[in-house]
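Below: the structure, in structure tokens.
Numbering (our numbering), first residue to last: 31 to 291.
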């Protein structure tokens, strides 16, 4: 159902079951899947690819051109998966020639005033609380929770199942499964509550806990800690995910509270 006071470019590809409320504006190169609701005063610009059963609340702007002076008008997209909720006044910019797309996964909740800059990749089942801000080229894994007013530096990587406390400035990579807090941002434990909610077994949670004790609690440097983990822990998907994340970190990872690095 499309309200007569909405503007939709005739070449936009809008599924029949999409609801568009009054005063929404949808540009030409846009695709919106079945069952999605577009609230009043939403602006959806060229390059938007929006999945099924999404809900986009008033004031949001999807797929605006990047806030990047190097952007030269290249054809890029902003892609949003199925069942994602985008609350009031969120902004999601499309990509640049770095990745040619910005991606937000399925089943995410982006609360009011969230900003996701160009070339970010956000996984599935993520929750970003009010006024969360991602600079360009940020990668967020699946099942990540960012509390309110979190600001993430460009090119940072946040691993799956991580939790970052409210008001944090994220300058370095946050490994999977951890809780990060304090200033400067530091490891303060594993995200045990989130892991239990996602069905991790007590044995898996204990494995994660022991790995991060080697990394962050026992005062090893990163190289020595990784050597110990690979020598003393049986290979598992969890162990390998943590080790690979840290080995491949370009910005370096956060450290344990009270340690240097």
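For every residue, glycine included, the Cβ atom is placed at its ideal position computed from N, Cα and C.
None of the values given here were measured: they were computed from a predicted structure.
Check: Contact set for residue 32: own chain, Cβ-Cβ below 6 Å, skip 5 residues either direction; Outcome: 50
Check: Member of 183, 178, 150, 162 whose CA lies at the smallest distance from the CA of residue 171; Outcome: 150
Check: Residue range of the unbroken beta strand (DSSP E) whose run includes residue 218; Outcome: 216 to 220
Check: Residue 112 in three-state terms, based on DSSP; Outcome: coil
Check: Top-ranked residue by Cα proximity to residue 245, from 218, 183, 61; Outcome: 218
Check: Cα-Cα separation, residue 146 to residue 121; Outcome: 6 Å
Check: Residue span of the alpha helix (DSSP H) that contains residue 269, given as start and end; Outcome: 267 to 277
Check: Residue 152 versus residue 226 - alpha carbon distance; Outcome: 22 Å
Check: Complete runs of the beta strand (DSSP E) confined to the segment 109 to 167 [at least 3 residues]; Outcome: 121 to 123, 131 to 134
Check: Given 8 Å, three or more beta-carbon pairs between the segment 191 to 198 and the segment 265 to 285; Outcome: no
Check: Uninterrupted alpha helix (DSSP H) stretches inside the segment 39 to 78 (no shorter than 4 residues); Outcome: none
Check: Own chain, CB closer than 6 Å to residue 124, minus 5 neighbours either side, in chain order; Outcome: 77, 93, 106, 107, 108, 132
Check: Inter-residue CB distance, residue 45 and residue 68 (contact presumed, cutoff 8 Å); Outcome: About 11 Å separates the two Cβ atoms, so there is no contact after all.
Check: Closest by C-alpha distance to residue 85, when choosing among 41, 137, 42, 60; Outcome: 137
Check: Euclidean distance between Cα positions of residue 71 and residue 54; Outcome: 4 Å
Check: Proximity winner among 112, 240, 248, relative to residue 48 (alpha-carbon distances); Outcome: 112
Check: Option nearest residue 117 by Cα separation, candidates 257, 59, 90; Outcome: 90
Check: Where residue 107 sits in the DSSP three-state scheme; Outcome: strand
Check: Residue closest to residue 216, alpha-carbon to alpha-carbon, out of 101, 224, 202; Outcome: 202
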